[in-house]
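> Counting from 1, one number per residue, gives the positions in the first sequence under UniProt numbering.
To start, I am sharing the structure in question, which I have written as structure tokens.
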Amino acid sequence: MHKIFGLKHTLIRIKPVKLSKNLFDHIKNTKSIHNYSTFEKSSKSVIIETEGRDAEDIWKDYKTLINANNLNKLNVTEFNRILGVFVKNLTIPGSYGKMLSIFQDMQEMTKVKPDESTYNIMMSMYLKKKDFKRINFCFDDMQKQNIIPNTITYNIMIKAISKLGKSDTAMSLYHEMVERKIRRNEKTFTMLFCACSARRNVPQAHQFYKFMLNEGLQPDIYTYNAYINVIARNAKDLKELQKAMDVIKQMNEKGVKPTLVTYNILIKALQSMGKRTEALHLFNQMELEGVKPNSSTLEGIGITGLQALLKLRNIYKVTPNHTDFNTCMDQSLKESKYTDAMEILSYMQESGFKPNVSTYSILMNAHIRQNDMIRAMELFTAMKNDNVEPDDYIYASLIDGFVAQNNVEQAFILVGHMLESKIELNKMTINRLIDTASKSKDPRLVQRVFERIERLTVPNKDACERVLWRIAQSYDIPVVEKYLKIMNKHNHIINRETFTAIITGASKGNNLNQARYWYNIMIGQGISPDHMLLSMMIRAHADAKIIDKTLSLWNDFHYFGIAPDDDDIMYVLNLCAEIGHWKDEIRILGQLKELGYDADSYKARITEKKQQSNDRIESKMDPDEEYYEEYGEYLKTRLANKSIIKAKERMQKWVRVVAKISSQKMDDNAKSRVEQWTPYRKQQLPITGTKD
DNA sequence: ATAGGGTTAG
1 MHKIFGLKHT LIRIKPVKLS KNLFDHIKNT KSIHNYSTFE KSSKSVIIET EGRDAEDIWK
61 DYKTLINANN LNKLNVTEFN RILGVFVKNL TIPGSYGKML SIFQDMQEMT KVKPDESTYN
121 IMMSMYLKKK DFKRINFCFD DMQKQNIIPN TITYNIMIKA ISKLGKSDTA MSLYHEMVER
181 KIRRNEKTFT MLFCACSARR NVPQAHQFYK FMLNEGLQPD IYTYNAYINV IARNAKDLKE
241 LQKAMDVIKQ MNEKGVKPTL VTYNILIKAL QSMGKRTEAL HLFNQMELEG VKPNSSTLEG
301 IGITGLQALL KLRNIYKVTP NHTDFNTCMD QSLKESKYTD AMEILSYMQE SGFKPNVSTY
361 SILMNAHIRQ NDMIRAMELF TAMKNDNVEP DDYIYASLID GFVAQNNVEQ AFILVGHMLE
421 SKIELNKMTI NRLIDTASKS KDPRLVQRVF ERIERLTVPN KDACERVLWR IAQSYDIPVV
481 EKYLKIMNKH NHIINRETFT AIITGASKGN NLNQARYWYN IMIGQGISPD HMLLSMMIRA
541 HADAKIIDKT LSLWNDFHYF GIAPDDDDIM YVLNLCAEIG HWKDEIRILG QLKELGYDAD
601 SYKARITEKK QQSNDRIESK MDPDEEYYEE YGEYLKTRLA NKSIIKAKER MQKWVRVVAK
661 ISSQKMDDNA KSRVEQWTPY RKQQLPITGT KD
């Protein structure tokens, strides 16, 4: 185990960097001269001047006004202006609380009614705080008071839902705006594109683009970038990315030039497709256009860390910004180039950038990756001394770090501190903890963490399922039942995802009896398996060479109208071939042919496999892969196979027309076909669970 | 006057 050299000195190196005093005074003075003249013009209504002034000074004035019992002198406009200062400076510790108390004072101490702007400002604050619940609350609340939301209100709402990833709400919010005759603008559409991007809904983005043009709105660079981003992020290949390039063509025609952001989006998309040459090509084009890169661009073409930073400075004459420094430092740390990381850190401070939450988080995470919680905690202290307010992310990293070390006590002491500083134990943190705990060899860890969480809040459904996944790996049915009851107690719906978690867990723990037990319970509850689950079951049983169960599961493809894909077919056929069940092999090949699969090619592949099996041992899938990750991979590979989609259509049609509608109308041929596929489950053969 | 937009930071 190597430690991070030099990181020890990090504490010493990080010192608060203050804006040069002269410069600061200069800004202050110039502003105040300017203010003086505006003050004279509108002096009659301004009680608390905000322009060019510190949030702290404004707060003092505000307090003075309260103490003198003069708060009534403020009108809505002025309240809004003051609130606006704090929302802009939300990163300054205490701003949030101040805003809340101003909003409260407004309603309780004065007779001033908040207007739509006040609500917009408050909603904007909650948006920055990622408190989506309260955004909704504000939205409802204002309308209860007959305040009509405006464009900005809706823009904030759309932005919020796009961060939440709620299904189809973007479209309904858009329709609501149209119905209520609330004007849409370019920003509205930018945010609608964002929502599409979050939900990977490219067709809807195209639809919004049409709407926008129909409404006579001209997309600007922001809108174009957001639109291009949806397309690029979801492009699987160059052909799909071409649609983004088409948008660029349209941009050029309208005289809107691609910017750094545009290029970054595209280069990143190319990088994730592994199209390095194309990425470099685009990079060259960008250089020709005179657009200067940043750290993200360079990352896209494989230049990272200190090298990237120096390149920016020396070749492109770009002054790196906060993000650039942080990004490059993180890259260096991840590449174990610790001295580089430290050099970046000092370079950053010399350039006048104070370490911010991200900087600290990056450094702390580097220590946590090395299991060095002591140094991570030292940085945590240093950070607070530095007046950088820890956020939920920082707490999550630390708490998670302790959980990873099996130190539940320390972890929850920190949770306590977090709650004290008004940061809630949110879903992200809980899921991270449970996730880490569930990876432990010791199954009791996740139970302990879960119990502690339960004392503080209602664990969300994902967390419960993650626990079930882990429990099913190490314990038998009664323990799983116990946790299902807990889940039920918390009013979570037990659905296919829940069973999938249990069944996947049980399979991972090689407890196939239990896996089948819950699989049957699930079906008994009227929930059908989906393709992922069925594949997983087939694979687990085929690996264990349990032929009868594998064949039963194979029938389920038909029974539930799910088309098996290449992997499924090969797993089953391989097993048949391996243990010499040639009758089943032939039967299956026949079924495949009937369904329109290319049975001959499967046959050929099996024969080939048989010949090869003497020479080499098949490498199995990595059993340690997490099922969530598997699911994502699964979707990627399976969606691409068009022949399978066709077969699926055919099969579903067949199931509908032949098997489901009416058996009386079937001809003999069809009857025998269906019989051949008769699901074992119709007779409800006990597929043994506990009784086994 | 006050609130809302694009990518990559932990």
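Glycine included, every Cβ here is placed at the ideal spot set by N, Cα and C.
Remember, it's a predicted structure, so these values are computed and weren't measured experimentally.
From asparagine 150 to glutamate 186, what distance separates their C-alpha atoms?
Distance between the alpha carbons of asparagine 150 and glutamate 186: 14 Å.
> Which residues mark the beginning and the end of the alpha helix (DSSP H) in which isoleucine 523 is found?
Run containing isoleucine 523: 512–524, per the alpha helix (DSSP H) assignment.
> Please list the terminal residues of the continuous alpha helix (DSSP H) segment that includes glutamine 307.
That run of the alpha helix (DSSP H) goes 305–314.
> Who are the near neighbours of methionine 109 in its chain, counting only those whose CB is closer than 7 Å to its CB and skipping five residues on each side?
Around methionine 109: Leu71.
> Which stretch, first to last residue, makes up the alpha helix (DSSP H) that contains phenylalanine 402?
Where phenylalanine 402 is concerned, the enclosing alpha helix (DSSP H) stretches over 392–404.
> Kindly indicate which residue of Val76, Lys98, Thr91, Asn75 has the alpha-carbon position closest to the one of isoleucine 58.
Answer by Cα proximity: Lys98.
> Counting only the same chain and skipping the five closest in sequence on each side, list residues whose C-beta sits under 6 Å from that of serine 619.
The predicted position of serine 619 is uncertain, since its pLDDT is 40 and thus under 50; no value can be drawn from it.
> Can you tell me the Cβ-Cβ gap for valine 112 and asparagine 75, rounded? I've got them flagged as a contact below 8 Å.
At roughly 6 Å, the Cβ-Cβ gap stays under 8 Å, so valine 112 and asparagine 75 are in contact.
> State yes or no: is the C-beta of proline 355 within less than 8 Å of the C-beta of valine 388?
The answer is yes: Cβ separation under 8 Å.
> With a 10 Å radius around its C-beta and 16 neighbouring C-beta atoms as the bar for buried, classify isoleucine 231 as buried or exposed.
That one is buried.
> Anyone know if the C-beta pair for valine 303 and lysine 311 falls short of 8 Å?
The residue asked about is misnamed: residue 303 is isoleucine in this sequence, not valine. Result yes, Cβ atoms of isoleucine 303 and lysine 311 sit closer than 8 Å.
> When you compare only the Cα positions, how much space is there between histidine 206 and methionine 273?
Looking at the two C-alpha atoms, the distance is approximately 22 Å.
> Please identify the residue among Arg448, Ile503, Glu481, Gln143 whose C-alpha is closest to the C-alpha of tryptophan 469.
Minimum Cα distance to tryptophan 469 is reached at Ile503.
> Hey, could you find the ends of the alpha helix (DSSP H) serine 552 is sitting in?
First-last of the alpha helix (DSSP H) with serine 552: 547–559.
> Shortest alpha-carbon distance to valine 572 belongs to which of Phe560, Ile147, Ala604, Ser535?
Comparing Cα positions, the closest option is Ser535.
> From lysine 610 to asparagine 574, what distance separates their C-alpha atoms?
Distance between the alpha carbons of lysine 610 and asparagine 574 is about 8 Å.
> Tell me the DSSP secondary structure of isoleucine 344 in three-state form.
Correct three-state label for isoleucine 344: helix.
> Would you decide whether glycine 94 is buried or exposed? Buried here means 16 or more other CB atoms lie within 10 Å of its CB.
So glycine 94 counts as exposed.
> Mark threonine 500 as exposed unless 16 or more other C-beta atoms lie within 10 angstroms of its C-beta, in which case mark it buried.
It counts as buried.
> Would the beta-carbon of leucine 379 fall within 8 Å of that of tyrosine 360?
Yes, these two residues count as a Cβ contact at 8 Å.
> Please report the straight-line C-alpha distance between alanine 279 and glutamate 299, rounded to a whole angstrom.
One C-alpha to the other measures close to 11 Å.
> Under the rule that 16 or more other beta-carbon atoms within 10 Å means buried, what is methionine 212, buried or exposed?
By the neighbour-count rule (16 or more Cβ atoms within 10 Å), methionine 212 is buried.
> Could you give the distance in angstroms between the alpha-carbon of glutamate 424 and the alpha-carbon of aspartate 600?
For glutamate 424 and aspartate 600, the distance between alpha carbons rounds to 59 Å.
> CB-CB under 6 Å to valine 261, same chain, minus the five flanking residues each way: which ones, in chain order?
Only Asn225 meet the Cβ criterion.
> Could you tell me the distance, in whole angstroms, from the CA atom of valine 85 to the CA atom of glutamate 49?
If I take the Cα positions, the gap works out to 11 Å.
> Verify the contact flag: asparagine 495, CB atom, against every heavy atom of the ligand FAD, threshold strictly below 7 Å.
The model on display carries no ligand, and the ligand FAD is accordingly not part of it.
> Which same chain residues end up closer than 8 Å to leucine 589 when comparing Cβ atoms and leaving out the 5 residues on each side of it in sequence?
These residues qualify, in order along the chain: Leu573, Ala599, Tyr602, Lys603.
> Residues in its own chain within less than 7 Å of isoleucine 509 by CB, not counting five upstream and five downstream?
The sequence given here places glycine at residue 509; isoleucine does not occur at that position. Within the same chain, glycine 509 has close Cβ partners Ala472, Gln473, Ser474.
> Going by the beta-carbon positions, is the gap between leucine 398 and tyrosine 347 smaller than 8 Å?
Their beta carbons are not under 8 Å apart, which means leucine 398 does not touch tyrosine 347 by this criterion.
> Considering only the beta carbon of each residue, do glutamate 215 and arginine 184 sit closer than 8 Å?
Yes, the Cβ-Cβ distance between glutamate 215 and arginine 184 is below 8 Å.
> Is methionine 177 closer than 8 Å to tyrosine 154 when the C-beta atoms are compared?
Their beta carbons are under 8 Å apart, which means tyrosine 154 touches methionine 177 by this criterion.
> Let me know the secondary structure DSSP gives tyrosine 597 once reduced to three states.
The answer is coil: DSSP assigns tyrosine 597 none of H, G, I, E or B.
> Hey, residue 693 and asparagine 385 are a contact pair by Cβ (cut 8 Å); roughly how many whole angstroms apart?
With the chain covering only 1 through 692, there is no way to say anything about residue 693.
> Less than 6 Å between C-beta atoms, sequence neighbours within five positions excluded: which residues of the same chain meet that for cysteine 196?
Once the five neighbours on either side are set aside, the close Cβ partners of cysteine 196 are Gln204, Ala205, Val230.
> Looking at alanine 376 and glycine 401, is the spacing between their C-beta atoms short of 8 Å?
Contact: yes.
> How would you call leucine 288, buried or exposed, if buried means at least 16 neighbouring beta carbons within 10 angstroms?
The residue in question, leucine 288, is exposed, as its Cβ has fewer than 16 Cβ neighbours within 10 Å.
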